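Working notes for the structure below.
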Amino acid sequence: MSQKKNPAEEFVFEFYDDDYAESLEKSELEIIEKYKNVDFNGNLNEEQLEIVNNIKGPMLIIAGAGSGKTRTIVYSVAKLLVSGVKPSEIMLVTFTNKAAKEMIKRVEILLGKRPKGIWAGTFHSMGNRFLRKYAKTLGLKPNFTIMDQTDSKGLMKLAINQANVKELEERFPSSVVAKNILSFSINCNKSIREVILWKYPQFDNDKIITKLKEVLNIYKTKKARDNLVDFDDLLIFWNRLLDERMVAKSIAQRIKYVLVDEYQDTNYIQDEIISKIVKQNANQNVMAVGDDAQSIYAFRGANFENILNFEKKYKDCKRYVITYNYRSVPQILDLANDSIKHNKKQHEKSMKPARPEGETPYQVNVGDEWDQARFITSQILKLRTDDYDFSEMAVLCRAGFHLLQIELELQAKNIPYEVRAGIAFFEKAHIKDLLAHLRIIENPYDEI
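Residues in the sequence shown are numbered from 5 upward in steps of one, following this note's numbering.
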């Protein structure tokens, strides 16, 4: 008869392979011996090294753009392992699973051995893993299905149809908008009416709001009936799990250090989740890394106030600022520093260049989008005559739709290009169809 495992062991054996589970029996001295050759002093600057050498308790790391933030996180994880912390006691939360994999890969390269068992991934992927383990605690079945956005939209459409909104049909939110309203309500801790006043004031009508709440309840019921969860549910249920005393205690027995990347882009519920995990730990070992000046996901419900208020939330929180920028020349940093200093709410910082002098940025005022496109393409051709390759040039836009005129000008001047985000204008289905018709008109024998 096999010996019964305690909750902490059961927790680990459930998630990790047998080889790793067995490795937990190794002593801290063996772990330290395995990883002792990492050169921290030679590979980090003074600011980074101070952070890596003081990983204990709550820490706020303000890491400006190009300051080696990822390096600091990677070496922090390595330092914990070198100090005898077991991989399964570390949670690394990032905003993409790709980023998590890259960081763990760097840790592997640094240590010369893959540290199996580190909790690394997005909030949603972590939530999924916890829910698979503790689904029954919340009345879920462990084999629940996660709906993607298309599935969620389809189910919401069914809920709208079932609620019979015909008398309000012309003014009622679409399935996409209804799902967005629900998502903002969850992630920002706002009521349905508050979200509507904030994001969709055209639906500020008592009848519409009452009917919308009915639709959302139907949506919720259908999910429960069919054992479905959407992306927001992964966070909702994870947050609820942490209110269950035995579950929270079991998790706290295993996870001793929490590192969160891009903290400026966390939302209300993500901030709550981190707080509940950390406060189960007597030492409250949490490292929040980010930069309030780089918050870009407000449109998804992110709240940069989370990073501004982090020190107030955790007693004796230590604050570090990484100021050396390895990416930009002094002229660009001067421009950035001068701009950022006008932010009304911020952690004050002034980035310092690690690179030598370069070209000064300049602003060009143009008449309209077409003038802008013509200017950009003319500069590209000028740089090409100066022997720069096209692959060394990039055009950045705030949104994909701003590329339209630029793409047309690039085509007109026979400049090769590649769109790295979204779909290139000439690759869009309706544009390809139109071009195909034009080619047939020009050449009736064109079979392509």
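Think of the CB as a built atom: it goes at the ideal place given N, C-alpha and C, for glycine as much as any other residue. Just so it is clear, the structure is predicted and the values come from calculations on it, not from any experiment.
{"Check": "Pro458 - containing alpha helix (DSSP H), residue span", "Outcome": "It is not possible to answer for residue 458, since the shown part of the chain is limited to 5 through 452."}
{"Check": "Interface flag, Leu312 vs chain D, CB-CB below 8 Å", "Outcome": "No chain D appears in this structure, which consists of one protein chain only."}
{"Check": "C-beta contact flag for Phe148 and Leu232 at 8 Å", "Outcome": "yes"}
{"Check": "The beta strand (DSSP E) enclosing Lys322, as first and last residue numbers", "Outcome": "322-326"}
{"Check": "Minimum C-alpha distance to Ile336 - residue among Ala358, Glu413, Phe188, Val78", "Outcome": "Ala358"}
{"Check": "N- and C-terminal bounds of the alpha helix (DSSP H) containing Ile212", "Outcome": "210-229"}
{"Check": "CB of Ala256 within 8 Å of CB of Asn285, strictly", "Outcome": "yes"}
{"Check": "Residue nearest to Leu220 in terms of C-alpha spacing, selected from Asn243, Leu239, Lys194, Leu186", "Outcome": "Leu186"}
{"Check": "Alpha-carbon to alpha-carbon, Val251 and Lys280", "Outcome": "12 Å"}
{"Check": "Inter-residue Cα distance where the pair is Ala352 and Ile419", "Outcome": "The identity of residue 352 in the sequence shown is Glu, whereas the question assumes Ala. So the two alpha carbons sit approximately 43 Å from each other."}
{"Check": "Collapsed DSSP secondary structure at Leu246 in the structure displayed", "Outcome": "coil"}
{"Check": "Close beta carbons around His441, own chain, < 8 Å, minus the five adjacent residues each side", "Outcome": "none"}
{"Check": "Exposure label - Gly131; buried when at least 16 CB within 10 Å", "Outcome": "buried"}
{"Check": "Own chain residues within Cβ distance below 7 Å of Ala306, not counting five before or after", "Outcome": "Asp269, Thr270, Asn271, Ser299"}
{"Check": "Assumed close pair Ile277, Leu239 - CB separation to whole angstroms, cut-off 8 Å", "Outcome": "7 Å"}
{"Check": "Rounded straight-line distance, which links the Cα of Ser254 to that of Lys260", "Outcome": "11 Å"}
{"Check": "Nearest-angstrom beta carbon gap, Pro91 and Ile122 [assumed within contact, 8 Å]", "Outcome": "5 Å"}
{"Check": "Extent of the continuous beta strand (DSSP E) to which Tyr421 belongs", "Outcome": "Taken as a continuous stretch (DSSP letters only), Tyr421 belongs to no beta strand (DSSP E), as it is neither H nor E."}
{"Check": "Outcome for Glu29 when other beta-carbon atoms lying within 10 angstroms are tallied against a minimum of 16", "Outcome": "Summary for Glu29: the model assigns pLDDT 41, below 50, so the residue's position carries little reliability; its value from the coordinates is reported in the next sentence. Burial call: exposed."}
{"Check": "Three-state secondary structure assigned by DSSP to Ile311", "Outcome": "helix"}
{"Check": "Option nearest Ile536 by Cα separation, candidates Lys386, Ser382, Asp393", "Outcome": "Since the first residue shown for the chain is 5 and the last is 452, residue 536 is missing from the structure and cannot be characterised."}
{"Check": "Sub-8 Å separation of Phe44 and His128 beta-carbons", "Outcome": "no"}
{"Check": "Cβ contact (3+ pairs, closer than 8 Å) linking the stretch 86-105 and the stretch 326-333", "Outcome": "no"}
{"Check": "Separation of Val399 from Ile384, as counted between CA atoms", "Outcome": "10 Å"}
{"Check": "Nearest residue (CA-CA) to Gln350, options Cys401, Asn313, Leu144", "Outcome": "Asn313"}
{"Check": "Sequence-distant residues of the same chain with beta carbon closer than 6 Å to Lys417, five excluded per side", "Outcome": "Thr381"}
{"Check": "Inter-residue CB distance, Val180 and Lys157 (contact presumed, cutoff 8 Å)", "Outcome": "6 Å"}
{"Check": "Proximity winner among Gly143, Asn49, Asn57, relative to Gly72 (alpha-carbon distances)", "Outcome": "Asn49"}
{"Check": "Inter-residue spacing [alpha-carbon to alpha-carbon] between Pro205 and Lys215", "Outcome": "16 Å"}
{"Check": "Alpha-carbon spacing of Glu26 relative to Glu93, whole angstroms", "Outcome": "Bear in mind that a pLDDT of 38 at Glu26, under 50, signals an unreliable position, so the number given afterwards is only what the model happens to contain. Their backbone Cα atoms lie some 15 Å apart in a straight line."}
{"Check": "Where Gly88 sits in the DSSP three-state scheme", "Outcome": "coil"}
{"Check": "Asn10 classed as buried or exposed, judged by whether at least 16 other C-beta atoms fall within 10 angstroms", "Outcome": "Summary for Asn10: the model assigns pLDDT 41, below 50, so the residue's position carries little reliability; its value from the coordinates is reported in the next sentence. Counting Cβ neighbours within 10 Å, Asn10 comes out exposed, since fewer than 16 surround it."}
{"Check": "Spatial neighbours of Met151 in its chain, beta-carbon cut-off 6 Å, leaving aside the 5 residues before and after", "Outcome": "Leu232, Asp234"}
{"Check": "Exposure of Val282, with buried meaning 16 or more beta-carbon neighbours within 10 Å", "Outcome": "buried"}
{"Check": "Rounded C-alpha distance that separates Asp437 from Ile445", "Outcome": "13 Å"}
{"Check": "Given Asn41 as reference, the closest of Leu85, Thr74, Gln52 once Cα atoms are compared", "Outcome": "Leu85"}
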